[in-house]
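Here's the structure we're looking at; comments come further down.
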Amino acid sequence: MEILKTIISTLSFLQKAKAAHKSVGFVPTMGALHQGHLALVKRAKSENDIVIVSIFVNPIQFNNKEDLLKYPRTLEKDAAMLVSMGCDAIFAPDEKEMYPKPDNTVYDFGQLANVMEGKFRPGHFNGVAVVVKRLFDIVQPDKAYFGEKDYQQLQIIKSLVTQKNILVTIIPCPIVRETDGLAMSSRNMQLTAEERKEAPFIYQILQQAKAKANQLSPEELKNWVLQQIASNALLTAEYFEIVDTTTLLPITFWKESVHSIGCIAVFLGKVRLIDNIGLK
Ligand code: AMP
0 MEILKTIIST LSFLQKAKAA HKSVGFVPTM GALHQGHLAL VKRAKSENDI
50 VIVSIFVNPI QFNNKEDLLK YPRTLEKDAA MLVSMGCDAI FAPDEKEMYP
100 KPDNTVYDFG QLANVMEGKF RPGHFNGVAV VVKRLFDIVQ PDKAYFGEKD
150 YQQLQIIKSL VTQKNILVTI IPCPIVRETD GLAMSSRNMQ LTAEERKEAP
200 FIYQILQQAK AKANQLSPEE LKNWVLQQIA SNALLTAEYF EIVDTTTLLP
250 ITFWKESVHS IGCIAVFLGK VRLIDNIGLK
């Protein structure tokens with residue numbers, strides 16, 4: 000497996016693959032890899048000749064400086080995991096390589112970026128779009144793999160690809176969970192032992208919400224979830240929204256949408272976790 004730190008070495012690696020008519024699968028990550036990331040890599044391996052994973056903690060998508068500083072960086076361990084998955088190359092640029100000068104592109108994602116993560120993390124999705132566009136320009140993958148754990152991000156990426164006419168197929172991949180139900184996340188390792196014990200409560204409530212969706216209106220269900228989270232002293236909900244799966248518009252009546260999803264952001268101490276569940 001190649002560890003590529005520069006754009007030029009990555010382009011030369013990919014040129015050889017493309018000259019040999021090999022299809023390229025791409026998994027963009029910020030590292031601190033876990034089984035959730037590896038599921039994306041596994042899927043990419045099964046659908047492409049070559050798989051490249053990027054590892055780059057993208058500063059411009061962090062709206063909180065402390066979060067950026069605390070974000071785990073474990074390149075050696077990540078590389079070992081990726082070797083064992085049969086990954087062909089890692090693209091791990093530093094900040095100067097990725098942004099030799101600031102990229103001030105402004106994207107317009109309309110409603111997709113007005114709710115939930117977009118509302119509570121101003122600038123976050125613009126930063127995501129800037130880095131993903133730059134990564135797509137470099138890697139030019141046939142297929143790119145994104146987790147449904149970041150459901151809103153997935154919709155933003157689909158919109159980016161449409162807006163910019165990028166020739167890539169976006170493959171959504173299901174959420175991978177710990178055995179106790181907690182959605183895997185690089186941020187989970189920042190939880191204290193006590194917080195980690197309480198964290199599965201988030202998914203338990205989401206599952207109960209799904210079971211209640213037939214009895215309660217979206218608004219009643221939203222309030223019920225927020226009350227449950229508030230009843231747990233260690234958890235503070237930032238939002239729980241019930242939205243249409245494609246427009247991400249919050250719904251008031253179930254019949255407003257064919258498929259709806261409940262998305263949540265919760266603080267455990269200083270660690271902010273997100274999760275979601277399909278409701279209808
Ligand atoms: P990140 O390193 O957090 O930026 O995530 C890189 C990719 O892995 C994104 O497409 C995420 O949605 C995906 N991902 C992260 N955690 C999970 C998970 N638990 N299950 C599935 N995909 C995930």
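Letter by letter, the sequence shown follows residues 0 to 279 in numbering that gives the first Met the number 0.
Cβ coordinates follow ideal geometry from the N, Cα and C atoms, glycine included.
Would you identify the three-state DSSP class for residue i, choosing helix, strand or coil?
| i | result |
| --- | --- |
| Arg133 | helix |
| Arg42 | helix |
| Leu247 | coil |
| Ser256 | coil |
| Ala112 | helix |
| Asn125 | helix |
| Thr104 | coil |
| Leu225 | helix |
| Thr5 | coil |
| Gly117 | helix |
| Leu234 | strand |
| Leu10 | helix |
| Leu278 | coil |
Are the CB atoms of residue j and residue i within a distance shorter than 8 Å?
| i | j | result |
| --- | --- | --- |
| Ala79 | Ile89 | no |
| Arg133 | Asp102 | yes |
| Val82 | Val50 | no |
| Ala264 | Glu237 | yes |
| Val167 | Lys196 | no |
| Pro217 | Val114 | no |
| Thr28 | Ile54 | yes |
| Ala128 | Lys4 | no |
| Phe145 | Gln152 | yes |
| Leu233 | Leu267 | yes |
| Ile170 | Arg42 | yes |
With a threshold of 6 Å on Cβ separation, who are the neighbours of residue i within its own chain once the five nearest residues in sequence on each side are excluded?
| i | result |
| --- | --- |
| Asp179 | Pro199 |
| Tyr106 | Asn125, Ala128 |
| Ile273 | Ala264 |
| Leu104 | Note on identity: in this sequence residue 104 is Thr, with Leu being the wrong assignment. For Thr104, where only same-chain residues beyond five positions count, the Cβ hits under 6 Å are Val129. |
If I measure Cβ to Cβ from residue i and keep anything under 8 Å in the same chain, skipping five residues before and after, which residues do I get?
| i | result |
| --- | --- |
| Ala31 | Tyr70, Pro71, Arg72, Thr73, Asp77, Ser185, Met188 |
| Phe119 | Glu237, Tyr238, Ala264 |
| His280 | This structure gives no information on residue 280, because the portion of the chain shown stretches from 0 to 279. |
Under 7 Å Cβ to Cβ from residue i, same chain only, skipping five residues before and after it: list those, please.
| i | result |
| --- | --- |
| Ile204 | Val224, Gln227, Ile228 |
| Leu37 | Met80, Met84 |
| Asn213 | none |
| Gly122 | Asn62 |
| Gln34 | Val175, Met183 |
| Tyr150 | Ile260, Cys262, Asn275 |
| Leu247 | Gln110, Leu111, Val114, Gln151, Gln154 |
Would you grab the beta carbon distance between residue i and residue j for me? Rounded to a whole angstrom, and I think it's under 8 Å.
| i | j | result |
| --- | --- | --- |
| Val270 | Leu190 | 5 Å |
| Glu194 | Pro173 | In fact, because the Cβ distance is near 25 Å, the residues do not count as touching under 8 Å. |
*Ignoring anything shorter than 4 residues or poking outside the segment 138-214, list the alpha helix (DSSP H) runs there in chain order.*
Inside the segment 138-214, DSSP marks whole alpha helix (DSSP H) runs of 4 or more residues at positions 150-162, 192-197, 200-211, from first to last along the chain.
_Which complete alpha helix (DSSP H) runs does the segment 13-64 hold, if anything under 4 residues is left out?_
As summarised for the segment 13-64, the continuous alpha helix (DSSP H) elements at least 4 residues long and confined to that stretch are 34-46, given in chain order.
*Curious, which full-length alpha helix (DSSP H) runs of at least 4 residues does the segment 66-93 contain?*
If we require 4 residues or more, the alpha helix (DSSP H) runs fully inside the segment 66-93 come out as 74-83.
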